[in-house]
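Residue numbers (my numbering): 18 to 449.
Notes follow once the structure below has been shown.
Structure (C-alpha cells):
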C-alpha cells in the first residue's frame with residue numbers, strides 16, 4: 018500500500034509540473050536543489066526539475082551536508098551554511114559568498130502530518146555593496162489518511178529567485194536580471210479500489226517577473242510574462258504484481274496572462290493538454306523505477322500562434338543497495354512558456370540527469386552528478402544546450418559541524434554564444 022500511495026501521490030503532483038509554470042535559476046539554491054538525488058516519496062523536489070530555466074550545473078547542495086543520519090527525530094530541524102565560491106567563466110573570474118539558512122518543522126499528529134520548510138540563499142559578489150537574496154522559499158504541506166485506502170494531501174508555497182549579475186548563460190547586455198516571484202497551491206486525493214489506484218489533483222500557480230536592467234535597451238518591463246496557471250489531473254493505475262504497476266495519466270492546464278504581448282498585441286493565453294502511459298515498480302527499499310511516454314500539446318487562443326505538440330518522455334531509476342550507496346538516473350520532458358528575456362512562444366525542454374552518493378565512513382561522504390538538457394524556443398528556430406559535471410565531498414567534524422567542498426564544470430550554448438564555467442566551492446555548515 019505504501020508503494021501504491023507513494024506512486025499515485027507522486028504522479029498527482031507531478032502532472033502539474035509536467036507543464037510547469039515556475040522558471041527557476043539553475044545557479045541558485047532552489048535551482049541546484051532540483052538536481053539533487055530524490056525519491057518518489059518527495060514529489061515537490063522531483064517536480065522542480067521540470068521547471069523551465071532549470072538547467073544542468075555542478076552538484077553544489079543547497080545547504081551543506083551534515084554527519085551520519087540519526088534515527089532520532091525532532092519537530093524542528095535547521096542548518097546554516099556559509100560558502101565561498103570562485104567562478105571562472107570564459108576566462109573571467111569572480112568570487113561569491115553565500116549564506117544558506119534552512120529549517121524544517123514537522124508535526125506528526127494522529128490524523129494529519131504537517132511539514133513547514135523554508136530556505137534562503139543570501140549572496141554577495143565582490144562588486145556589490147549589499148547582499149542579494151538570490152533565492153528564498155516557504156512551503157507548507159500536509160497529508161492525512163481518511164481511511165485505510167484513501168489519502169488526501171495539500172500544499173502551498175511562495176518563492177523568489179534572481180540570477181546574480183554575470184551568471185553563465187545570461188545575455189552580456191543584462192546588468193540586473195529580473196526577480197521571479199512564484200506562489201501556488203495544490204490538492205490531491207488518492208484511493209485504492211482493489212488492484213486499481215485512482216488519483217486526482219488540482220493546482221493554482223502564480224508567476225510574476227520583475228524588470229530587467231540592460232545596457233542596450235535600459236529598463237525592460239517583463240509584465241507581459243506574468244500569468245496565472247490552473248491545472249487538473251487524473252491518474253489510473255493497476256497493480257499487475259506486488260512489484261509492478263501500469264498506469265495512465267492526463268492533465269489539463271490553463272495559462273492566463275496579465276497583459277498582451279508588445280510584439281503581437283494579443284494575449285498569449287494557452288491551454289496545455291498531456292496524456293501519457295507507463296509502468297512503475299519498487300523492490301523493497303533497494304530499487305525503484307518508472308518509465309512513461311506520451312504526447313503534450315499547447316494550444317494558443319490566438320489563431321495566428323497555432324498549437325505546439327511534443328513527445329513526452331519520462332524515466333527514473335533509483336538504486337540503494339545499502340545505507341552507504343545511492344544512485345539515481347532519469348530523463349524528463351517539459352513544455353512551458355519561454356520565460357522572461359527569452360524569445361519564442363514556448364519552450365520544449367528535454368533533460369537527462371544522474372546522481373551518485375557514497376558514504377565512505379561516518380565522517381566522509383562523496384558525491385557526483387552529471388546533467389544534460391536541450392531546449393527548443395518555439396517560434397525562433399533556436400535551441401539551447403547545457404552540460405554540467407561535478408563532484409563533491411563532505412567531511413564531518415562532529416554531529417553539528419561539517420566541511421564541504423565541490424567542483425563543477427558547466428557548458429552553455431545558446432543565442433548568447435558558448436560559455437564554459439569552472440566553479441570551486443568551500444564551506445562550513447552548522448546544524449541542530
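Even for Gly, the Cβ is constructed at its ideal location relative to N, Cα and C.
Kindly list the residues whose CB is nearer than 6 Å to the CB of residue i, restricted to its own chain and excluding five residues on each side of it in sequence; keep chain order.
i           : result
residue 385 : 373, 408
residue 245 : 223, 273
residue 318 : 286
residue 430 : 402
residue 432 : 399
residue 83  : At residue 83, the pLDDT of 40 sits below 50, so the modelled position is not reliable and the matter cannot be decided from this model.
Just to confirm the assignment, what range does the beta strand (DSSP E) spanning residue i have?
i           : result
residue 124 : 109-125
residue 270 : 261-274
residue 293 : 287-300
residue 449 : Counting along the chain, residue 449 falls outside any beta strand (DSSP E), and DSSP gives it neither H nor E.
residue 363 : 363-378
residue 94  : 93-106
residue 279 : Neither: residue 279 is in no beta strand (DSSP E) and is coded neither H nor E.
residue 217 : 213-226
Mapping the DSSP letters down to three states, classify residue i as helix, strand or coil.
i           : result
residue 83  : The predicted position of residue 83 is uncertain, since its pLDDT is 40 and thus under 50; a value taken from the coordinates is nonetheless stated next. Coil, per DSSP.
residue 179 : coil
residue 321 : helix
residue 196 : coil
residue 77  : With a pLDDT of 42 at residue 77, under the threshold of 50, the predicted position of this residue should be treated as unreliable, though the coordinate-derived value follows. In the structure shown, residue 77 sits in coil (DSSP, three-state: anything other than H, G, I, E or B).
residue 145 : coil
residue 385 : strand
residue 246 : strand
residue 161 : strand
residue 355 : coil
residue 240 : helix
residue 439 : strand
Pick from the options: whose alpha carbon is nearest that of residue i?
i           : options            : result
residue 288 : 430, 191, 354, 330 : 354
residue 348 : 329, 337, 338, 340 : 329
residue 115 : 97, 130, 307       : 97
residue 138 : 275, 175, 152      : 152
residue 379 : 414, 148, 337      : 414
residue 331 : 321, 325, 311      : 311
residue 416 : 447, 284, 391      : 447
residue 107 : 445, 428, 405, 167 : 428
residue 207 : 298, 249, 170, 197 : 170
residue 193 : 201, 216, 227      : 227
residue 122 : 134, 202, 276      : 134
Tell me whether the beta-carbon of residue i lies closer than 8 Å to the beta-carbon of residue j.
i           : j           : result
residue 140 : residue 177 : no
residue 160 : residue 130 : yes
residue 9   : residue 102 : No statement about residue 9 is possible, as the shown extent of the chain runs from 18 to 449 and does not include it.
residue 335 : residue 304 : yes
Take residue i and list the residues in its own chain whose beta-carbon comes closer than 7 Å to its own, dropping the five residues that flank it on each side.
i          : result
residue 54 : For residue 54, the predicted structure reports a pLDDT of 35, less than 50, and the residue's modelled location is therefore unreliable. A value from the coordinates is still provided. If we look at residue 54 and ignore the five residues flanking it on each side, its Cβ neighbours are 343, 345, 372, 374.
residue 6  : The question about residue 6 has no answer, for the chain in this structure spans 18 to 449.
So, does the CB of residue i fall closer than 8 Å to a CB anywhere in chain C?
i           : result
residue 157 : The chain inventory of the structure shown lacks chain C, comprising one protein chain alone.
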